[in-house]
Amino acid sequence: MQMTARSVGSDVYRERLSPSLWILGSAAVAAPMAALVFSPIDTTIALVVGAVVGIAIVGLLLAASPVVEVRDGELRTGRAHIGVEFLGAPEVHQGDAARHARGAGLDPRSWHLIRGGIDGVIVIPVTDPDDPTTAWTISTRTPDRLAAAVRRAQAMRSTPSR
Numbered sequence: 156m157q158m159t160a161r162s163v164g165s166d167v168y169r170e171r172l173s174p175s176l177w178i179l180g181s182a183a184v185a186a187p188m189a190a191l192v193f194s195p196i197d198t199t200i201a202l203v204v205g206a207v208v209g210i211a212i213v214g215l216l217l218a219a220s221p222v223v224e225v226r227d228g229e230l231r232t233g234r235a236h237i238g239v240e241f242l243g244a245p246e247v248h249q250g251d252a253a254r255h256a257r258g259a260g261l262d263p264r265s266w267h268l269i270r271g272g273i274d275g276v277i278v279i280p281v282t283d284p285d286d287p288t289t290a291w292t293i294s295t296r297t298p299d300r301l302a303a304a305v306r307r308a309q310a311m312r313s314t315p316s317r
C-alpha cells in the first residue's frame, strides 16, 4: 500500500507517505467518542455516526497523504515537482544522520516534505543557479531506492536518445 517500485512505462518510483498504524489507530478513537455524544438520542444513530466518523477520519488521513515519485524526468513530492536535471547527487540519511538532517541540519532555504514516523531522509541539492531553494529534503521509507531512482532518471536525461 505504501510503496510501489516499478519500471513499467516511464514510472520509476512511487511511494505514498501514509500515516503509521498507530496514528490511524489513534484517529479511529474518535469513532467511539462521536458515538458517545449521540448515544442519549438513539443508540442506532450513535453507532452509525460513530462508524461514519471513524471511517471518514481514517479515509481523510490516507487520502491526504503525499506521494513521492520519480516519473518522466521529474521528482514529484506532493504538489511540488522539479526536473531531475536541476538536482545534484542525492544524499541518503538514516538513523541519527536522518534525525540531524530533519532537525539541526535542516537548511531553512531548502524545500522539505517531512513526515513523522518515517525514519529515512534523502537530501538532494538543487544545482539551478536561478532557484532560491538550496536542496530538497524528503522523508521516505526507502531512501536507497529513491536515491537510485533519481540517479537513474538523471542518467536517462543526460543520455542522448538515438
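Taken in order, the sequence shown gives residues 156 to 317; the numbers are from my numbering. For each residue, glycine too, the CB sits at the ideal point set by N, CA and C. It should be emphasised that the depicted structure is a prediction, and the values quoted were computed from it without experimental measurement.
Helix, strand or coil at residue i according to DSSP, with G and I counted as helix
| i | result |
| --- | --- |
| Leu292 | The sequence shown places Thr at residue 292, rather than the Leu named in the question. In this structure, Thr292 counts as strand in the three-state DSSP scheme. |
| Arg231 | strand |
| Pro298 | helix |
| Arg169 | strand |
| Ala259 | coil |
Proximal residues to residue i (C-beta, below 7 Å), its chain only, five neighbours per side dropped
| i | result |
| --- | --- |
| Ala253 | Asp274, Gly275, Val276 |
| Gly205 | Ala186, Pro187, Ala189, Ala190 |
| Leu179 | Val213, Leu216 |
| Leu261 | His267, Thr292 |
| Arg307 | Val167 |
Cβ-Cβ separation, residue j to residue i (assumed contact under 8 Å), whole Å
| i | j | result |
| --- | --- | --- |
| Val305 | Val239 | 6 Å |
| Ala186 | Val203 | Their Cβ separation, rounded to whole angstroms, is 11 Å, which puts Ala186 and Val203 out of contact at 8 Å. |
| Val223 | Ile293 | 6 Å |
| Arg270 | Thr288 | About 19 Å; that fails the 8 Å criterion. |
| Ser175 | Gly272 | 4 Å |
| Arg312 | Gly233 | Incorrect: roughly 22 Å between the Cβ atoms, too far for contact. |
Boundaries (first-last residue) of the beta strand (DSSP E) holding residue i
| i | result |
| --- | --- |
| Ile279 | 276–280 |
| Leu268 | 266–268 |
Proximal residues to residue i (C-beta, below 6 Å), its chain only, five neighbours per side dropped
| i | result |
| --- | --- |
| Val278 | Glu246, Ala256, Ala290, Thr292 |
| Thr314 | none |
| Ala302 | Pro245, Val247, Ile277 |
| Ser220 | Arg171, Leu172, Ser173 |
Cutoff 8 Å; reference residue i; Cβ partners in own chain excluding five residues on either side
| i | result |
| --- | --- |
| Leu242 | Leu230, Ile279, Pro280, Val281, Thr282, Trp291, Val305, Gln309 |
Uninterrupted beta strand (DSSP E) stretches inside the region 173–256 (no shorter than 3 residues): 222–226, 229–232, 235–238, 246–248
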